[in-house]
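Undergrad:
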Amino acid sequence: MSAIVTITDVVKEYSLGATVVQALRGVSLTVDKGEFISIAGPSGSGKTTLLNLIGCVDTATRGVVEVAGKNTANMSERELTNLRLNTIGFIFQSFNLVSVLTVFQNVEFPLLLQNKLNAKERKERVESLLEQVGLLTHLKHRPNELSGGQRQRVAIARALVTDPLIVLADEPTANLDSETGQAILDLMRSLNQKKGTTFIFSTHDHRVMRYANAVVRIADGKVKGRESPQEAVAHEMELGPDPTLSTEVRAS
Amino acid sequence: MIDRGVLLVRIAVRNLLASPINLLIGGLILLGTLVFVLLGGLLDSLNQAMQRSVVGSLAGHIQIYSASSKDELALFGQMGNFPDLPAINDFPKIQDALTKVENVKMVVPMGISAAIITSGNIVDVTLEKLRNLYKARDGQPSDPKLSGVPREELVLRIESEIAHLRQIIKVLRGDVEKAMADMVNTKSVEPRNVEALARVEQPAFWADFDQAPYENLEFLENRIAPIVTDTSLVFLRYVGTDLDKFQKSFDRMRIIKGSPVPQGQRGFLIADLMHEDQMKLKTARRLDKVKDARLNGRLIATDDELKRFVKENRHQTRELVLQLDGLKTAALVKSLQALLATKETSIDVLLSQLLDTTDENFEERYAQFYELVVPQVQLYRVKVGDMLTIKAFTKSGYVQNVNVKVYGTFAFTGLEKSPLAGATNLMDLMSFRELFGYLTSDKAEELKEIQRATGAKAVSRENAEAELFGEDAEVVAEATPGVIDPDAALAGTGRKLREEDLIRRVYTQQHLDDGVVLHAAVMLEDPSRIDEAIARINQVSQEQHLGIQAVSWQKASGILGQIINVFRALLFVAVGIIFIAAMLIMYLSVLMATLQRTQLFGTMRAIGAQRGLILSMVLIESLVLGLLFGGLGMLAGWGVLAAIATTGIAAPNDVMYFFFSGPRLIPQLSTWPLVVALVIILVVTIGSTLLPALMAMRVSPLRAMQADE
Ligand SMILES: Nc1ncnc2c1ncn2[C@@H]1O[C@H](COP(=O)(O)OP(=O)(O)O)[C@@H](O)[C@H]1O
Ligand SMILES: [Mg+2]
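Line by line, the protein sequences give chains R and D. Residues in the first sequence are numbered from 366 upward in steps of one, following the working numbering. Residues in the second sequence are numbered from 770 upward in steps of one, following the working numbering.
#1: Could you tell me whether any Cβ in chain R is nearer than 8 Å to the Cβ of glycine 1377/D?
#2: From the DSSP output, in three-state form, read off threonine 1193/D for me.
#3: Here's a check: name, in chain order, each residue in its chain whose Cβ is nearer than 6 Å to the Cβ of glutamate 1234/D, leaving out the five neighbours to either side.
#4: Could you please give me the residues that DSSP links to glutamine 387/R through a beta bridge?
#5: Run through chain R and tell me which residues come within less than 8 Å of isoleucine 780/D, C-beta to C-beta.
#6: Shorter than 8 Å from the beta carbon of aspartate 528/R to some beta carbon of chain D?
#7: Let's test the definition: count the other Cβ atoms within 10 Å of the Cβ of lysine 505/R and tell me whether it reaches 16, buried, or not, exposed.
#8: Check each residue of the region 433-445 of chain R: if its Cβ is closer than 7 Å to any Cβ of chain D, include it; give the result in chain order.
#9: Which chain R residues sit within Cβ distance under 7 Å of arginine 1369/D?
#10: Round the Cβ separation of arginine 449/R and glycine 428/R to the nearest angstrom and send it over; I've been treating them as touching at under 8 Å.
#11: For alanine 1375/D, verify whether its CB is less than 7 Å away from any heavy atom of ligand 1.
#12: In chain order, what are the residues with a CB under 6 Å from some non-hydrogen atom of ligand 1?
#13: Identify the continuous beta strand (DSSP E) that holds glutamate 1088/D and give its terminal residues.
#14: Report the three-state DSSP secondary structure of proline 508/R (helix, strand or coil).
#15: Taking the alpha carbon of glutamine 864/D as the reference point, which residue from Met879/D, Asp853/D, Pro855/D, Leu854/D has its own alpha carbon closest?
#16: For serine 380/R, decide whether its Cβ has a neighbour in chain D, counting only Cβ atoms nearer than 8 Å.
#17: Could you say if the region 1285-1294 of chain D and the region 785-798 of chain D meet the contact criterion of at least three C-beta pairs nearer than 8 Å?
#18: Listed in chain order, which residues of the region 483-516 of chain R have Cβ atoms closer than 7 Å to some Cβ of chain D?
#19: In terms of DSSP beta bridges, what is asparagine 1156/D paired with?
#20: Rounded to whole angstroms, what is the Cα-Cα separation between leucine 541/R and alanine 1350/D?
#21: Counting only Cβ-Cβ distances shorter than 7 Å, please list the residues of the region 1454-1472 of chain D near chain R, keeping chain order.
#22: Please give me, in chain order, every unbroken run of the alpha helix (DSSP H) with length at least 4 that falls completely inside the region 514-563 of chain R.
#23: Go through its chain and collect everything with a Cβ distance to glycine 1417/D's Cβ below 8 Å, but skip five positions before and after it.
#24: Our contact map puts phenylalanine 1138/D next to leucine 1123/D with C-beta atoms below 8 Å; I'd like the distance itself, whole angstroms only.
#25: If we cut at 8 Å on Cβ distances, does asparagine 784/D have a partner in chain R?
#26: Considering only residues of the same chain and omitting the five flanking positions on each side of alanine 742/D, which have a CB-CB separation below 7 Å?
#27: Which residues, taken in chain order from the region 407-418 of chain R, show a beta carbon closer than 9 Å to some beta carbon of chain D?
#28: What first and last residue would you give for the alpha helix (DSSP H) that runs through methionine 1403/D?
#29: From valine 376/R to isoleucine 583/R, what does the alpha carbon distance come to, in whole angstroms?
#30: Please list the residues of the region 531-556 of chain R that have a C-beta atom closer than 8 Å to any C-beta atom in chain D, keeping them in chain order.
#31: Output the boundary residues of the alpha helix (DSSP H) element that contains valine 429/R.
#32: If you reduce the DSSP assignment to three classes, tell me which class threonine 1440/D lands in.
#33: Using DSSP with H/G/I as helix, E/B as strand and the rest coil, what is glycine 1066/D?
#34: Please determine, among Gln820/D, Gln1032/D, Val1003/D, the residue with the shortest C-alpha to C-alpha distance to phenylalanine 1015/D.
#35: What residue does the alpha helix (DSSP H) around glycine 774/D start on, and which one ends it?
#36: At a CB-CB cut-off below 7 Å, which residues of chain R make contact with aspartate 772/D?
Right, dumping it as structure tokens:
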């Protein structure tokens, strides 16, 4: 198995005026191609920060982040954007669809940015994706005419339409009821199995962790270990269902 | 690339539809563009029409005048208020230099000045005639025309002139009574005058007239003539110019009455409108106006102005009666009695009846007036063929006289009714120079010649003047003071001889070119490159020390040319306010929209949109709004203009003829207002959006991950 994401001794600091917040404190992690991996941890533990680094929307303060074999530290804004466009698909907690565009147009958007396919090819590609997420009948709908689950399906289609190597999903089910959330995870896993696309998703919900091949547990900006879903759920139970925020704030 | 553009436009349109404030912004942009295109187009047309008027009637495309002038050249300045222009000294050199400048077609020398025409006192003229007749009767004729006329005829004519005098006195009596009634005219109410009038009203005075005709004539001359207040002045503005060149350059000019001044000769051309308006018999002029109005569908019965004209014609017969001597009066009374089938004997009443016109009888009466009355009177105070004596006073009080023959009247095609275009008369350049006291080489030569010939003879100035004001000089015009070099002036008989000769003299082109002018019109081949030509002329003047400055027709026309610029400035201010309002609202609205949509921008950035795309997206949104509504505004403005252009705008009055360059203003559908409007829209939209768009561009993709606030 080849590594698609390699993170070594990464520290991420946020400075808030005179204070510095350490969101990640020396994280190392390897994700292999085709994995369906969950990053689990309580709120404020650094999940989103880690996904942002992997997703190339942010860069590490120290340490090395390698995505698809490229060290993101040395890349320009423009190169990072291109890397995101061509290698990574994003699924957001609040779906983040373009409200004035139809379902079809939302899914087509990354293809237009790539500017590789002609209109016919784009149409085929978008429709095939929408068929896979079960929304071929809703091509002309606007996001506000859809339910939360349907919107997230559109977001999944949009994330996968460029055939990326990695799909990142930051708490994809947090805004959905559990039944719908499970359906979304089922869909994601089936796509992972069918296409071999690497999925990395974060959650603090143990019901969600169960879907993963592996769970990376994170707390206070540090990786606590890489476990099987069963181990992780067991750990989660010990710690309690919903731990309170435990971020450390230090003076710089 | 195109697909991406389509997508951005699609997003833009959808976003625009989402927010009702865009309708307000769009409405303002539409209004601003509509106003700009419509009024801008109209002003442009007006400017072009006025340019045709100004350029075509007097100014030419460019005017040149002395660089050392303190006053600005104002060709259409207020009456009597003339720029004091220093002379341009070496016109031939200037002309030579300027015609070599690219784009210059012709240089027409000019000088502008004014005179006042006072017609002779009617009593004086009649008394003079009587005196000559008496002298002839008594066998010592002073008027050569009267020698050889049989005695009986002379007696008859004397009677006729006496009847004329008595008629004049009757009119004066009427004036006095009227003045006494409203206590205005104190001059004629003076007891001394009343007494004199009373005396000459006595039949006895006239019965005994023949006993001592010369004494009685003297009494009339001393006591009655001064009472007559028949001093209507005509202000005569004229341009001294090379008439041939003028006519060639100003091709809208055409002769209405008479003929052009023969090539190279001295002469005067009267603006036809002025001739009609101010020199024609008022009664006749009013009849003409009524006729004209009726042709335009107006009726005496319903039109207040026409009613007033008829009333004035009925009451103001004085002007006609004053002109009628005994013979003429008798003849006219007879024919009017027959015409009107009445036994009325008073010429006053008869004329009043004839002129009591209605819509029913107008055509008939009009023809009858011209047929019966006009041949008995002088229809125009100055006629074609008359000799005008124009006097100019030097600063030292010396009078310079120039006699010029009136060859005809002229008008500019399309501007026949414009008082502005019809206010300037034309004089030949040689006469003009003399009036101004500038010595031509021709004149200098002559001066020596005459001084040699007449040197010994001392002729009193009064005599010479008196001779000058004889039969030939019926009309005397007084010019505004010119700058005359007293040393160069001629005196006495010499001048008279010279002037008679000068009138007949034909000048060569060299004569005309040689000498002083005050300003000159420059005609261009391509008027659109006028600014360039002005710059080049000014440059040539500098290089060759010509001492002139060039200004555009617009500047040269004085306040008139600036009117359009004032209107244009007002338009720009009004449109500016509208667009500034649009810009402010647009800025705030785009700023709000940007702040509300940071997550959208962040998301787009996260899934791979470059910064430039976000920037274009926001800009395109505003551009679509601006171009959509601006385009509608342009279309609407252009549409209204085109609709107006099918019929044109009728000139509301005669003054507007000049601005409209004819009876109607047909708007030109020029493209510049559209181009400027487009530029304004781009500036407004991009200007108001750039800052928010740059903010949007800088939104971090991280913003996509954060929960929506
Ligand atoms: N932009 C930021 N500025 C300052 N502190 C931040 C920022 N983003 C995250 N943090 C802090 O970093 C820590 C990790 O946050 P995050 O990665 O969002 O945790 P999680 O996603 O696991 O809830 C938290 O303490 C959070 O307050
Ligand atoms: Mg988070």
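We put the beta carbon where it would ideally sit given N, CA and C, even for glycine.
TA: Taking the coordinates as given:
#1: Under the 8 Å criterion on CB atoms, glycine 1377/D is classed as interfacial with respect to chain R.
#2: In the structure shown, threonine 1193/D sits in a strand (DSSP, three-state: E or B).
#3: At glutamate 1234/D the pLDDT is 34, less than 50, meaning the model places this residue with poor confidence; the figure from the coordinates comes in the next sentence. Here the set comprises nothing.
#4: Under the DSSP definition of a beta bridge, glutamine 387/R partners with Glu378/R.
#5: Going along chain R in sequence order, the residues near isoleucine 780/D (Cβ under 8 Å) are Val463, Val465, Leu466.
#6: Answer no: the Cβ-Cβ gap between aspartate 528/R and chain D never drops below 8 Å.
#7: Per the 10 Å Cβ criterion, exposed.
#8: So the close ones are Arg443.
#9: A small correction: the amino acid at residue 1369/D is leucine; arginine does not occupy that position in the sequence shown. What leucine 1369/D touches in chain R: Val463.
#10: Contact doesn't hold; Cβ gap of about 20 Å is too wide.
#11: No; taking the cut-off as 7 Å, the Cβ of alanine 1375/D has no heavy atom of ligand 1 nearer than that.
#12: Cβ-based neighbours of ligand 1 within the cut-off: Tyr379/R, Leu381/R, Val386/R, Ala388/R, Gly406/R, Ser408/R, Gly409/R, Ser410/R, Gly411/R, Lys412/R, Thr413/R, Thr414/R, Thr612/R.
#13: Premise fails: glutamate 1088/D lies in the alpha helix (DSSP H), 1087-1092, not in any beta strand (DSSP E).
#14: In the three-state reduction of the DSSP assignment, proline 508/R falls in the helix class, which pools H, G and I.
#15: Nearest to glutamine 864/D by C-alpha distance, out of Met879/D, Asp853/D, Pro855/D, Leu854/D, is Met879/D.
#16: Not an interface residue.
#17: When C-beta atoms of the region 1285-1294 of chain D are compared with those of the region 785-798 of chain D, fewer than three pairs fall below 8 Å, so the two segments do not count as touching.
#18: Those would be Ala484, in chain order.
#19: Sequence inspection shows methionine at residue 1156/D; the asparagine mentioned does not correspond to that position. Per DSSP, Lys1174/D.
#20: Approximately 46 Å, taken between the alpha carbons.
#21: Result list: Pro1470, Leu1471.
#22: As far as the region 514-563 of chain R is concerned, its whole alpha helix (DSSP H) runs of at least 4 residues are 543-560.
#23: Closer than 8 Å at the Cβ level, and outside the excluded window around glycine 1417/D, lie Arg1433, Leu1434, Ile1435, Pro1436.
#24: Distance from phenylalanine 1138/D to leucine 1123/D at the Cβ level is roughly 6 Å; contact confirmed, criterion being Cβ atoms closer than 8 Å.
#25: Closer than 8 Å to some Cβ of chain R, the Cβ of asparagine 784/D qualifies, so yes.
#26: The question about residue 742/D has no answer, for chain D in this structure spans 770 to 1478.
#27: In summary, the residues of the region 407-418 of chain R whose CB is separated from some CB of chain D by less than 9 Å are Thr413, Leu416, Asn417, in the order they occur in the chain.
#28: The continuous alpha helix (DSSP H) containing methionine 1403/D extends over residues 1380-1416.
#29: Rounded to the nearest angstrom, the two C-alpha atoms are 14 Å apart.
#30: So the list reads Asp535, given in the order they occur along the chain.
#31: First-last for valine 429/R: 427-432, but that is the beta strand (DSSP E), not the alpha helix (DSSP H).
#32: Threonine 1440/D: coil per DSSP, three-state reduction.
#33: In this structure, glycine 1066/D counts as coil in the three-state DSSP scheme.
#34: Nearest C-alpha to phenylalanine 1015/D among Gln820/D, Gln1032/D, Val1003/D: Gln1032/D.
#35: Glycine 774/D: member of the alpha helix (DSSP H) spanning 771-787, first to last residue.
#36: Correct list: Leu477, Ala484.
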